[in-house]
Amino acid sequence: MTVRVSRTFEFDAPPADVWAFISDAEQRAGAISVVDSFEVHDDGSATWHVALPIPMIRSTIDVETEDVERDPPNRVKFVGKSRAFRVTGEHEITETDGGGCRLANEFVVDGSLPGVESFFKRNFDAELDNLEDALRASLASPA
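Residue numbers are given in our numbering: position 138 of the sequence shown equals residue 283, and the series is strictly consecutive.
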């Protein structure tokens, strides 16, 4: 079973400001509650240490992530791979009338251990709320 979720956010902010957040591997990882810790590597890839509260997993899972497509300042797509699951995230920014923008998000998780996909199915909405909250907080803070 594959879990797929899409959600769009609207911002009264310039697309470049949203791009600054969403294209940054550190900011994306920091917004996700199950990412216990992470390292961003010199080549822009990152290792997320993910703690999933499911019976089959007793420690954090290392998820090796990398951007596979970048079209600044409009679109970034990343892939994360681990022994427990593969995740693909795609973020696309489009300008709206009045100087704001729309951020379309899509995530797909393919689990390879029991319980992974059902966990994400139950929790994706909350994780997208976390991402939106972190992005809005970033936009509200002075540069």
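Note that the Cβ used here is the ideal one computed from N, Cα and C, for glycine as well.
DSSP-derived helix/strand/coil call for residue i
i    : result
N268 : helix
D207 : strand
I202 : coil
N275 : helix
S283 : helix
Range covered by the alpha helix (DSSP H) that runs through residue i
i    : result
V163 : P160 to I167
A249 : No alpha helix (DSSP H) contains A249, which is instead part of the beta strand (DSSP E) from C246 to G256.
G175 : A170 to G175
Residue i versus residue j - alpha carbon distance
i    : j    : result
S168 : R149 : 21 Å
P287 : P200 : 42 Å
Residue range of the unbroken beta strand (DSSP E) whose run includes residue i
i    : result
G234 : F230 to E240
Residue i vs residue j beta-carbon contact at 7 Å
i    : j    : result
A161 : P217 : no
V208 : V224 : no
Whole-Å CB distance - residue i paired with residue j, under 8 Å assumed
i    : j    : result
S178 : N250 : Not a contact, Cβ separation roughly 16 Å.
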